[in-house]
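Notes for the one structure printed next.
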Amino acid sequence: MANEEIKSKLKAFFMSDLGVDGDVLNYDTPLFGEEIGLDSVDSLEIISFVDDNFGVSMTGVAKENFQSIDTIAAFIEKNKA
Amino acid sequence: MTSNNCRCVVSGLGVICAVGNNVEETWKNALNSVSGIHKTTSLDTKNCYADLAAEVNCDTLDDIECPDEKDRASKLCIKAAKEALNDAGLGDFADSSRVSVIIGSCVGGVLSIEKYHCGGKDVNEIPKMPIAAIASQVAESCHAGGIVTNVGNACAAGTISIALACDLIRAGKADVVIAGGSDSFASVPYSGFLSLHALDENGCSPFNHCNGITLGEGAGIVIVESLEHAEKRNAKRYCEVLGAGVTSDAHHITAPREDGICLLEAMDRAVKNSGIKKSDIGYLNAHGTGTGKNDNAEINAFHKFFDEENPTLSVSSTKVMTGHCLGAAGAIEAVFSIKALTTNTVLPTLHYTAEDSEALKAKAGQMDYVQNTPRAKELECVMSNNVAFGGTNASIVFSKKPGDVQSQVAKDKKIAVTGVGIVSPLGNSKEAYLESVKNGKLPESASICSTVTNDDYKELGIKMAFYRKLDNLGQLQTVSGMRALKDANLTVSEDNAKQIGIIVGTSEGGLGATYDFQELITEAGNAGGSAFKFPHTVYNAAGGYLSILSGIKGYGVTITTGPLSGLDSIGYSMNVIHDGQEQVMMATGTDENLPIITEFCQKLNVAADKVVEPYSNSNGFVVGDGSVSIIIENEDYAKARGAKVYCYALGYGNGRKNVKFGHISGSDEALDLAIKEALNDAGIGIDEIDAVCGFANGLKKLDDIEKGAYARVFGDKLASIPLFQVKERVGEGRAASAALAAAEAALMLGGELSEENAYFVANDGSVSKKKVATAGFKKILVTSFATGGSYSAVVFGK
């Protein structure tokens, strides 16, 4: 799966499942910053989504990988089988 | 010392949980450190990382009248209530208005939701689903004819129920209250806590390994009685119930504040309201769920609160035996606390090794976390704490001595109505509602709903980082609540945050969100729940979100009793102010019309197939929704801050004649009673009432009850009394419509709604409608109903 496709899938997930407004969500927008405001409950959802859709486990993975769609996609890219 | 008319005593106990099916068995097993936690036998655990639960094992739950009409949560509760009544030497109350039922629950009839969804959508499951069924069916089982209500504050609901019971007795509204909580173990909470990674695969280990909770189930009941009533009948007296404290974290929908300061505030209120010293408390039954977040927040709060005056307090969590029984937890733990007090025995937290004990010392300091075996200790007072999703904190004190409880200290203060926030299918502001009244706008279809948009958020300055988390019910409540604060020109600050409270009234609360969650896990399995969606299933999530957004940190309770919850929120709020607990209260009514709600109404044959209006002798009503928030406050406080006053809340009353939950026919005269009580509470006669804001929705059997009661209480004068019916415009929005009726009364008395359609019932029962001017009204009666036979009334006046 191309990196762009992963990112677009992630963005769609943030919009449909975590209520994020697509207009302000760019691939490099900080997810846990003031504007989007994700928290620990949301990170559980991200982990579950990434596992189910890309077969990559992010459980216990360092925080910096969750910073933005870019970093999550990079992690998926690097770790997918 | 507490004056005799403020003294509340416990005269009976009942319990059912994984540790035992009655008090004797449960207590005996608890003393032997028996845990009820085992591998679950009732749920599918495929792909689930934790499979332990504390389930009730009882084969006599169906030994009650009409078991098929009751959810397991009601059955558990009726069993515990029967035991408690028996213990208290009480039986059938013959619809006495002095006997109340208040039951807390978190997930209510969630097993019936599952059964409906997975078992062919059987209409008979629908009435068993809402939390409101529980107290109603307990009342029906013993014919309690007083105030019947449910508290929906998730895991703190059991404790709040007992606190509310005492408030009602001290306000003179009841002599006996059957108070407690009930919840059953089911897929929704199991899957939900799994999705939050909040279950401990090895079984909960409070204040110890703190890896998560283990769910339990059960019910606990405490019979709370006025001293006078107990003395008169020479009743058994376990102990006194002293003061309680209820606060809101205003922090996070699932996680407690790390600093524990709002839990500390709840304990502080409980101690102050009890009129005791911190050092009088010998044992604290902690919430102690076993999650790191909860346990550390509690340990922090205990240190801050007790270290100076009571550093060696004994503390334990009994959840390691019972599991976390959610809405029943506080009630079951109240039974444990009372047994501990009366037998001078502190129950332990189980499963500590020598190494664990050593590790605990570092966290606990001098505090005595009792481990593994019970401890004999002379006890004067005990405290029980519970906290909940939505940020609720509750603390209550049981005592051998009467303490020094003050109540109704502000009873002589007038209560001003100072703000109104309206979200309805007609628009999301007071202005939009008034405009629609002016234009004579009517429903466009037989199922209508409110729609919150980004424009509302923008106008109210609500950021996306916040509103993205809200479910539909939360959207309705936060927008109406923030609009009410704005309308009242009330700014919540660090200085006043604790002086303001919220009571949310809702008929179905999180039922729609629970159904949504059930749909999800039916498809995805119990391992496939959503951590994002799960918090919305608790009925107090909407109130919790409002507290987080507004910063309100005082009293925070969600009541759920059917449509009248939107009026009872006002009545109970008046009581909170009269008790001197808060200066300002936001009373709300909030219910949503998701497609599943309309489906339920259609299946129950109460949904109209076209637009109908009140008194149209129809077979159904227009299904609606909304959220209406009303700010009421101590008049002195309102004056001091220069608030505009719409009108005054003068009195409230309730009436009940038991009929089956889901039904109303045969309960007619209970409405007369509610009206008389409200007039009495307001200290006025029926002749002073100029108009009524009622609850007719078009359904003939409901509208006839309303008309009949008015004919009896007003007599010949009825023909000239204008009856205003908000449901002609917004449909049957349950609690939202009840609160809207109250808001409409305030708007008329405040001069903001100068003209409105009124229905007039002639002496022959025929109904006519005409526009009337409202300027001359001085006092307005507001009424509402709930199935099961309960009615409420509130009087507003200039």
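Chains A and B are the protein sequences, given in the same order. When you read off a place in the first sequence, starting at 1, and then add 30, the result is the number in my numbering. When you read off a place in the second sequence, starting at 1, and then add 34, the result is the number in my numbering. For each residue, glycine too, the CB sits at the ideal point set by N, CA and C.
Just the chain A side, please: which residues come within less than 7 Å of residue i by C-beta, in chain order?
| i | result |
| --- | --- |
| B/E503 | The question names Glu, but residue 503 of chain B in the sequence shown is Lys. Simply G49. |
| B/A499 | E64, E65, I66 and G67 |
| B/T288 | V71 |
Have a look at the options and flag the residue whose alpha-carbon is nearest the alpha-carbon of residue i.
| i | options | result |
| --- | --- | --- |
| B/I664 | B/M516, B/K587 and B/E766 | B/M516 |
| B/A704 | B/D724, B/L713 and B/A743 | B/A743 |
| B/K520 | B/K73, B/D402, B/V801 and B/E493 | B/E493 |
| B/G687 | B/C51, B/A725, B/G563 and B/S818 | B/S818 |
| A/E75 | B/G226, B/A107, B/G70 and B/L261 | B/G226 |
| B/G605 | B/V646, B/E667, B/K637 and B/D550 | B/E667 |
| B/A770 | B/T193, B/L598 and B/V679 | B/L598 |
| B/A213 | B/V49, B/I555 and B/D738 | B/V49 |
| B/D105 | B/L684, B/L757 and B/F695 | B/F695 |
| B/R768 | B/L202, B/P161, B/T556 and B/T594 | B/T594 |
| B/A398 | B/K109, B/S348 and B/A621 | B/S348 |
| B/K149 | B/Y549, B/N714, B/I611 and B/A772 | B/Y549 |
| B/F432 | B/A205, B/F219 and B/G316 | B/G316 |
| B/E342 | B/S313, B/G453 and B/H286 | B/S313 |
| B/V280 | B/L233, B/G455 and B/G364 | B/G364 |
| B/K448 | B/D102, B/C681 and B/F551 | B/C681 |
| B/D702 | B/S826, B/N55, B/K637 and B/Q533 | B/S826 |
| B/S218 | B/N245, B/V210, B/L249 and B/L233 | B/L249 |
| B/V68 | B/T407, B/D750 and B/K306 | B/T407 |
| B/L460 | B/P477, B/L601, B/D613 and B/L545 | B/P477 |
| B/K327 | B/L230, B/R271 and B/L198 | B/L230 |
For residue i, go through chain E and note every residue whose CB falls closer than 7 Å to its CB, in chain order.
| i | result |
| --- | --- |
| A/L74 | Considering every chain present, this structure includes no chain E. Its protein chains are A and B. |
Per DSSP, residue i is paired with what?
| i | result |
| --- | --- |
| B/K73 | B/L86 |
| B/N245 | B/T325 |
| B/V801 | B/V795 |
| B/F127 | According to DSSP, which records beta bridges pairwise, B/F127 is partnered with nothing at all. |
| B/A422 | B/T426 |
| B/D402 | B/S348 |
| B/S108 | B/S108 pairs with nothing; no bridge assigned. |
| B/E790 | B/V806 |
| B/A253 | B/I50 and B/S216 |
| B/M417 | B/L318 and B/V431 |
| B/C140 | In DSSP, B/C140 forms no bridge with anything. |
| B/Y825 | B/G689 and B/F819 |
Tell me whether residue i is buried or exposed, calling it buried when 16 or more other Cβ atoms sit within 10 Å of its Cβ.
| i | result |
| --- | --- |
| B/T323 | buried |
| B/P629 | exposed |
| B/H697 | exposed |
| B/S479 | exposed |
| B/S800 | exposed |
| B/Y83 | exposed |
| A/A32 | exposed |
| B/N609 | buried |
| B/Q400 | exposed |
| B/D670 | exposed |
| B/P345 | exposed |
| A/T89 | exposed |
| A/S46 | exposed |
| B/G70 | buried |
| B/M35 | exposed |
| B/S195 | buried |
| B/K155 | exposed |
| B/L638 | exposed |
| B/T183 | buried |
| B/N38 | exposed |
| B/G495 | exposed |
| B/K395 | exposed |
Can you pull the chain B residues whose beta carbon is under 7 Å from the beta carbon of residue i, in chain order?
| i | result |
| --- | --- |
| A/V54 | M498 |
Unbroken alpha helix (DSSP H) runs of length 4 or more, entirely within the segment 274-347 of chain B: which are they? 295-308 and 326-340
Ignoring anything shorter than 3 residues or poking outside the segment 154-229 of chain B, list the beta strand (DSSP E) runs there in chain order. 182-185 and 210-217
3 or more residues per run - each beta strand (DSSP E) lying fully within the segment 582-639 of chain B: 590-593 and 618-625
Can you check the segment 519-550 of chain B for any beta strand (DSSP E) of at least 3 residues that lies completely inside it and give the ranges in chain order? 534-539
Start-end ranges of the beta strand (DSSP E) lying completely within the segment 632-719 of chain B, minimum 3 residues: 660-668 and 681-690
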